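The opening position of the sequence shown corresponds to residue 429 in the working numbering, with each subsequent residue numbered one higher. For every residue, glycine included, the Cβ atom is placed at its ideal position computed from N, Cα and C. All of these numbers come straight from a predicted model, not from anything done at the bench. The block underneath contains the structure these notes are about, expressed in structure tokens.
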Amino acid sequence: MPAIRGAKSKKKTRRYARDLDQVHADLRSDRHLAQYKDSKAIEDLPGLGQWYCKECAKWFESEPNFEAHQKGKVHKRRLRQLREEPYTQKEAEAAIGLRTDNGKRATVLMEVDDGAAAA
């Protein structure tokens, strides 16, 4: 029995690329991108790591393949996705109701019936 079951999960795991928030960090900081590139052995990369598309986080064998990719639909779709800024952790927590509320709490006094006034 194969370790990866189902066509959908096979596609997801075999064609995995870096997520949008990781690519945003790569585009903002050269150090972040260099750290990712240094983690890969140059001998194992296609084209010895010469042609890399930052936006798609993908390596290419040759310059013509890289140029064809940049003109293609997949690259343009990825650029459209990258135009939108990724959500921050603070925005994500606010969306589910986890907010930091350091304001003054309103104290609500409850009236308690102790039974002595009724007798």
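The beta strand (DSSP E) that contains residue i, what's its start and end?
i, result
"Tyr480", "Trp479 to Cys481"
According to DSSP, simplified to helix, strand and coil, what is residue i?
i, result
"Val536", "coil"
Comparing alpha-carbon positions, which option in the options lies nearest residue i?
i, options, result
"Phe494", "Gly434, Lys436, Trp479 and Gln450", "Trp479"
"Glu489", "Gly477, Gln498 and Gly531", "Gly477"
"Trp487", "Pro474, Lys499 and Lys436", "Pro474"
"Leu455", "His503, Leu510, Lys504 and Ala469", "Leu510"
"Leu448", "Ala435, Thr516, Glu539 and Val536", "Thr516"
If I follow the unbroken alpha helix (DSSP H) through residue i, where does it start and stop?
i, result
"Lys518", "Gln517 to Ala523"
"Leu507", "Lys501 to Arg511"
Going by the CB atoms, is the gap between residue j and residue i shorter than 8 Å?
i, j, result
"Leu507", "Glu483", "yes"
"Ala445", "Ala496", "no"
"His452", "Pro514", "yes"
Entirely enclosed alpha helix (DSSP H) segments - the region 439-473, minimum 4 residues:
Qualifying alpha helix (DSSP H) stretches, in chain order: 448-456 and 458-466.
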